[in-house]
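Enquirer:
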Amino acid sequence: SGAIDDLRCEFHAVESVNDLISPTLKQIVDLYKQCAFWANDGLCVLKDCVVQTEDEETIPIEWRTNNKPIDKVDFAPFGKSFQPFQACDYEEKDFCVSQDEQSTNGVYVDLLKNPERFTGYAGQSAQNIWQSIYEENCFDIPARLSNLAMSEKERPHFGNSEEEKQKRLAQIDECKEKRVFYRVVSGLHASISTHLCYDYFNRTTQEWSPNLECFMNRVGYFPERLQNIYFNYALLLRSILKLNTYLLDNTYCVGNSEEEIWLKSKIQELVSVCLTMPNTFDESELFDGPNSIILKEEVKDRFRNVSRIMDCVGCEKCRLWGKLQTRGFGTALKVLFSYDQSSFQSSSDDSLDRGEIVSLLNTFNQFSKSINVVQKFHHMYHDQYHSVF
Numbered sequence: 217s218g219a220i221d222d223l224r225c226e227f228h229a230v231e232s233v234n235d236l237i238s239p240t241l242k243q244i245v246d247l248y249k250q251c252a253f254w255a256n257d258g259l260c261v262l263k264d265c266v267v268q269t270e271d272e273e274t275i276p277i278e279w280r281t282n283n284k285p286i287d288k289v290d291f292a293p294f295g296k297s298f299q300p301f302q303a304c305d306y307e308e309k310d311f312c313v314s315q316d317e318q319s320t321n322g323v324y325v326d327l328l329k330n331p332e333r334f335t336g337y338a339g340q341s342a343q344n345i346w347q348s349i350y351e352e353n354c355f356d357i358p359a360r361l362s363n364l365a366m367s368e369k370e371r372p373h374f375g376n377s378e379e380e381k382q383k384r385l386a387q388i389d390e391c392k393e394k395r396v397f398y399r400v401v402s403g404l405h406a407s408i409s410t411h412l413c414y415d416y417f418n419r420t421t422q423e424w425s426p427n428l429e430c431f432m433n434r435v436g437y438f439p440e441r442l443q444n445i446y447f448n449y450a451l452l453l454r455s456i457l458k459l460n461t462y463l464l465d466n467t468y469c470v471g472n473s474e475e476e477i478w479l480k481s482k483i484q485e486l487v488s489v490c491l492t493m494p495n496t497f498d499e500s501e502l503f504d505g506p507n508s509i510i511l512k513e514e515v516k517d518r519f520r521n522v523s524r525i526m527d528c529v530g531c532e533k534c535r536l537w538g539k540l541q542t543r544g545f546g547t548a549l550k551v552l553f554s555y556d557q558s559s560f561q562s563s564s565d566d567s568l569d570r571g572e573i574v575s576l577l578n579t580f581n582q583f584s585k586s587i588n589v590v591q592k593f594h595h596m597y598h599d600q601y602h603s604v605f
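In our numbering, each residue carries its 1-based index in the sequence shown increased by 216.
1. Looking at C-beta atoms only, is the number of pairs between the stretch 576 to 584 and the stretch 395 to 402 that lie closer than 8 Å three or more?
2. In terms of residues, what are the limits of the alpha helix (DSSP H) holding E572?
3. Between which residues of its own chain and L404 is the CB-CB distance below 7 Å, once the five residues before and five after are set aside?
4. CA-CA distance, S554 and F503?
5. Thinking N234 and N588 are a contact (beta carbons under 8 Å), I'd like their distance in whole angstroms, please.
6. Quick check on Y555: does DSSP put it in helix, strand or coil?
7. Hey, would you say I220 sits closer than 7 Å to Y446, going by beta carbons?
8. Is it buried or exposed, D566, if we count other Cβ atoms within 10 angstroms and call 16 or more buried?
9. Would I456 and C490 be called neighbours here (beta carbons separated by less than 7 Å)?
10. Can you look up N418 in the DSSP assignment and give me helix, strand or coil?
11. What residue from I573, L412, Q582 and S348 has the CA that sits closest to A548's CA?
12. In the DSSP assignment, what residue or residues form a beta bridge with E514?
13. Suppose contacts are defined by Cβ-Cβ distances below 7 Å. Is S425 in contact with N433 by that definition?
14. Under the three-state reduction of DSSP, which class applies to S425: helix, strand or coil?
15. If you check the beta carbons only, do R454 and T496 fall under 7 Å apart?
16. Using only the alpha-carbon positions, how far apart do S409 and M596 sit?
17. Can you list, in chain order, the residues of its chain whose CB lies under 6 Å from that of Y414, leaving out five sequence neighbours each side?
18. What does the alpha-carbon distance come out to for the pair I286 and A450?
19. Straight-line CA distance for F509 to E501?
20. In chain order, what residues of the same chain have a beta carbon less than 7 Å from the beta carbon of N444, not counting five sequence neighbours either side?
21. What's the gap between the Cα of I483 and the Cα of Q347?
22. How long is the line joining the alpha carbons of E499 and H228, rounded to whole angstroms?
23. Using 7 Å as the threshold, is the C-beta distance between F560 and L464 below it?
24. Does P300 come out as helix, strand or coil in the three-state DSSP assignment?
25. Between R535 and P494, what straight-line distance do the alpha-carbon atoms span, to the nearest angstrom?
Below you can see the structure in the form of C-alpha cells.
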C-alpha cells in the first residue's frame, strides 16, 4: 500500500485501472538471432522450452512481412547479428535493437499458444543472462542493494514497512534517470519471475498451478521488486496515454473486417480506460539537466545492450517473451523520451512501426497480468501465514 517511489500514484490506483485492462495481440519474433556475447547453442533440452510456431499459410496475408506498412513491420535493414564496426541495427531515437523480420530465420508465433510460464530453464546459461544485464548495464545499483535484499529475504512477511522502504531508498543515491533504468530492468525481471511462479509445472502432480514458495523467494520477500512491477506498469501506461490519438486513428489490418472492427473497438476501450487515469509518470522530470544529452545516450546504449543480451537466452519460449518485452519497453522509452507531447497526433506519423505497437501492447498486457497475479499471491500468502501486506 501507499505511494510508489518516483511516481505520482499509489498501488491501489494502479490496481484499480488494471482491473479494466487486458490487451491481446500477436507478434512476429525472430527467435534465432545470433548471440553476440558468449557461445550459445540456442537450445534447451526441456520440452516446455519449445515455441509452437504457426504455418505461414495460416497467417492473414495482411500480417505477412512481405506487405507494405502498416501491414508490414518495418525494421532497420541490417544484418542479423551485432557487428560493432558495421552499420548499427537501430535508429538514433531507438532504445532497442531492431529485429530483422525479413530474415529467413523469422517465424510466426501465436502468443496465446505460447504463454509465459515455467519451463525448467536454468543453469549457467540462465544465470549469464541476468548477471550480465545487472552487472554490466545497471549503473552498479544492484550491488548496493544486494546486502539489504538478502536480509529482506529472511523476513517472514510479504513486502516491507514504510520505514524500511526509506532505508532502502537512502542507498540509491543515483540520479533519477539511472534509477528509472534500473527499475525498468528489475521490474521486467520480477514480472517474468511472477509469471513463471504462477504458471508453474509441478512434476510430482504433473499439473500447472501457482507456486507460492517460488514467488516469495524470487519476488515476494523483496519489496523493491514488487514496487518495480507497479512502476513499470505506470511507465507503460503513460506511454500508451501519449499514443492515444495515434492508436485510435490507426488502421489495424487483420484480414477480416469483423475482426478489424472488434480489434478497433478494443483499442478504443483500452485508450478510454487509460484516459481515466491521472498522469502517473512525468517524463519531463528526466533528461532535463546540463548533461542530459550525454546521459540519455548512455541510457540508450545500455538498454540496447540489454535487448542484444536477450538473443543469448537458451530457452526458446523464454527468449520469445524476453525479446518481446524488451522491445515493448524500448518502444515505451522511445515514445516518452525521443518525442515531445505534440508527436503522434495522427496515424500518418511513421515514427513507430506495427511491430513496436504490438510489442508495447503485449508487454503492457503481461504487466497487467503480473499485477493481478501479485494480488492473488498476496491473498494466498495471507491465507497461509495470516500476515499483513
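Positions of the beta carbon are idealized from the N, C-alpha and C atoms, including for glycine.
Expert: So, from the listed chains and residues:
1. The stretch 576 to 584, when compared against the stretch 395 to 402, does not touch it at the 8 Å Cβ threshold.
2. Translated into the one-based positions of the sequence shown, residue 572 becomes position 356. Its alpha helix (DSSP H) spans residues R570 to Y601.
3. Locating residue 404 in the sequence shown gives position 188, where the first residue counts as 1. Taken in chain order, the residues that qualify are N448, Q541 and F545.
4. Here residue 554 is taken as the residue at index 338 of the sequence shown, counted from 1. Here residue 503 is taken as the residue at index 287 of the sequence shown, counted from 1. Their Cα atoms are separated by approximately 11 Å.
5. One-based indexing of the sequence shown puts residue 234 at position 18. One-based indexing of the sequence shown puts residue 588 at position 372. Rounded, the Cβ-Cβ distance is 7 Å, consistent with contact.
6. Looking up residue 555 in the sequence shown gives position 339. In the structure shown, Y555 sits in coil (DSSP, three-state: anything other than H, G, I, E or B).
7. The sequence position of residue 220 within the sequence shown is 4, counting from 1. The sequence position of residue 446 within the sequence shown is 230, counting from 1. Yes.
8. Residue mapping note: residue 566 aligns to position 350 of the sequence shown, counting from 1. By the 16-neighbour rule on beta-carbons within 10 angstroms, D566 is exposed.
9. On the sequence shown, position 240 is the one that residue 456 refers to. On the sequence shown, position 274 is the one that residue 490 refers to. Yes, the Cβ-Cβ distance between I456 and C490 is below 7 Å.
10. As a working note, residue 418 is residue 202 in the sequence shown. The answer is strand: DSSP assigns N418 an E or B state.
11. The sequence position of residue 548 within the sequence shown is 332, counting from 1. The option with the nearest alpha carbon to A548 is I573.
12. The residue labelled residue 514 in the question sits at position 298 within the sequence shown. Per DSSP, none; premise fails for E514.
13. In the sequence shown, residue 425 corresponds to position 209, counting from 1. In the sequence shown, residue 433 corresponds to position 217, counting from 1. The answer is no: Cβ separation not under 7 Å.
14. Mapped onto the sequence shown, residue 425 falls at position 209. It is a strand residue.
15. Along the sequence shown, one-based indexing puts residue 454 at 238. Along the sequence shown, one-based indexing puts residue 496 at 280. Yes, the Cβ-Cβ distance between R454 and T496 is below 7 Å.
16. In the sequence shown, counting from the first residue as 1, residue 409 sits at position 193. In the sequence shown, counting from the first residue as 1, residue 596 sits at position 380. C-alpha separation (whole angstroms): 17 Å.
17. Position 198 of the sequence shown, counting from 1, holds the residue named residue 414. Excluding positions up to five away in sequence, the list reads P426 and V589.
18. Within the sequence shown, residue 286 is the residue found at index 70, counting from 1. Within the sequence shown, residue 450 is the residue found at index 234, counting from 1. Note that I286 scores 36 on pLDDT, short of 50, meaning its location in the model is unreliable and no value can be drawn from it.
19. Within the sequence shown, numbered from 1, the residue matching residue 509 stands at position 293. Within the sequence shown, numbered from 1, the residue matching residue 501 stands at position 285. According to the sequence provided, residue 509 is Ile. The question's Phe does not apply to it. Going by the C-alpha atoms only, they are around 14 Å apart.
20. For the purposes of this step, residue 444 is identified with residue 228 of the sequence shown, where counting begins at 1. The residues are R399, S402, G403 and A406.
21. Here residue 483 is taken as the residue at index 267 of the sequence shown, counted from 1. Here residue 347 is taken as the residue at index 131 of the sequence shown, counted from 1. Roughly 37 Å separates the two Cα atoms.
22. Here residue 499 corresponds to residue number 283 of the sequence shown, with the count starting at 1. Here residue 228 corresponds to residue number 12 of the sequence shown, with the count starting at 1. Their backbone Cα atoms lie some 22 Å apart in a straight line.
23. Within the sequence shown, the letter at position 344 stands for residue 560. Within the sequence shown, the letter at position 248 stands for residue 464. Not in contact: F560 and L464 (Cβ atoms no closer than 7 Å).
24. As a position in the sequence shown, residue 300 is number 84, starting the count at 1. With a pLDDT of only 34 at P300, under the threshold of 50, the placement of this residue in the model should not be trusted; the figure read from the coordinates follows. In the structure shown, P300 sits in coil (DSSP, three-state: anything other than H, G, I, E or B).
25. Reading the sequence shown from its first residue, position 319 is the one you call residue 535. Reading the sequence shown from its first residue, position 278 is the one you call residue 494. Take the alpha-carbon of R535 and the one of P494: they are about 34 Å apart.
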